[in-house]
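Each residue of the sequence shown is one higher than the one before, counting from 426 in the numbering used here. We treat Cβ as the ideally placed atom computed from N, Cα and C, and that holds for glycine. Reviewing the structure listed below.
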Amino acid sequence: MLLLAACVLGLLSPLLVGRWPAGLLLHPWRWPLLIWVTLGLQVVAVEVPLPGVLAPVLHVLTYVVVVGFLWLNRSLDRIAVVAAGTASNGVTIALNGGVLPASADAVRAAALDPHLAFANSAVVAHPVLPWLGDVFAWPAPLPLANTFSVGDVLIAVGVVLVAWTGTCRLGRTPVRRAVAPDATGGGTTSPTAKLDGPSQR
């Protein structure tokens with residue numbers, strides 16, 4: 426929930442200074458349904474009691490889906506930062522049996538319950554790549570107290586960078602570059618125009 430809140434704030438941050446995230450909103454997103462699939466799988470993995478190793482497998486699968494979505498939309502400026510954070514978390518989770526290893530000190534600072542049936546982050550006996558796990562804490566009694574990782578920081582920073590790509594002042598529309606003809610002179614190279622920044626009207 427902490428990472429989700431940070432991402433939402435990052436997406437809305439341009440609005441706080443009178444700008445709107447034109448590049449983000451006008452980007453021709455491919456397969457946006459994958460985001461909802463990811464959120465659904467996360468809810469099932471964490472909130473629904475599942476037999477055996479199904480919950481850890483679902484947890485890893487959510488990162489596979491996200492990486493696929495980011496790859497499909499890799500043309501968006503600065504989305505590589507989000508991809509780096511996702512890959513960091515995903516690889517670490519896969520190497521630790523479907524759980525992101527957490528620091529015991531961070532868990533205590535965030536006052537988390539270590540006895541949940543399945544936690545997407547937990548203290549493990551012999552963690553692999555522990556420095557990429559949840560080693561930081563947003564401590565209790567702050568709202569949304571939780572642990573977070575280097576990958577989470579990269580994801581949140583990446584979302585802010587993406588949100589600010591191609592921003593325009595509120596009330597202005599982005600100028601789109603003219604679509605150049607193709608090499609044969611018989612058409613256009615693409616029906617999709619690109620953002621060129623805020624209008625000067």
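Q: Consult DSSP for leucine 554 and reduce its assignment to one of helix, strand or coil.
A: Per DSSP, reduced to three states, the secondary structure at leucine 554 is coil, with no helix or strand assignment.
**Q.** Close beta carbons around proline 446, own chain, < 6 Å, minus the five adjacent residues each side
**A.** Hits under 6 Å: Pro439, Ala588, Thr592.
Q. Quick one, which of Arg503, Leu557, Leu497, Leu458 has its alpha-carbon nearest alanine 519's?
A. Taking the Cα of alanine 519 as reference, the smallest distance to any Cα among Arg503, Leu557, Leu497, Leu458 is reached at Leu557.
**Q.** DSSP bridge partner residues for asparagine 514 (one or two, in chain order)
**A.** None, per the DSSP bridge assignment.
Q: Using the DSSP secondary-structure output, state which residues sit across from aspartate 577 in a beta bridge.
A: BP columns for aspartate 577 are empty, so no partner.
Q) When you compare each of Leu501, Gln467, Tyr488 to proline 453 by their alpha carbons, which one comes out closest? A) It is Leu501.
Q) Can you tell which of Ile504, Gly523, Val506 has its C-alpha closest to the C-alpha of threonine 380? A) Since the displayed the chain opens at 426 and closes at 626, residue 380 lies outside it and no answer follows.
Q. Just how far apart, CA to CA, sit serine 528 and serine 546?
A. Approximately 10 Å, taken between the alpha carbons.
Q: Would you kindly report the start and end of the unbroken beta strand (DSSP E) that includes alanine 562?
A: Its beta strand (DSSP E) spans residues 561-563.
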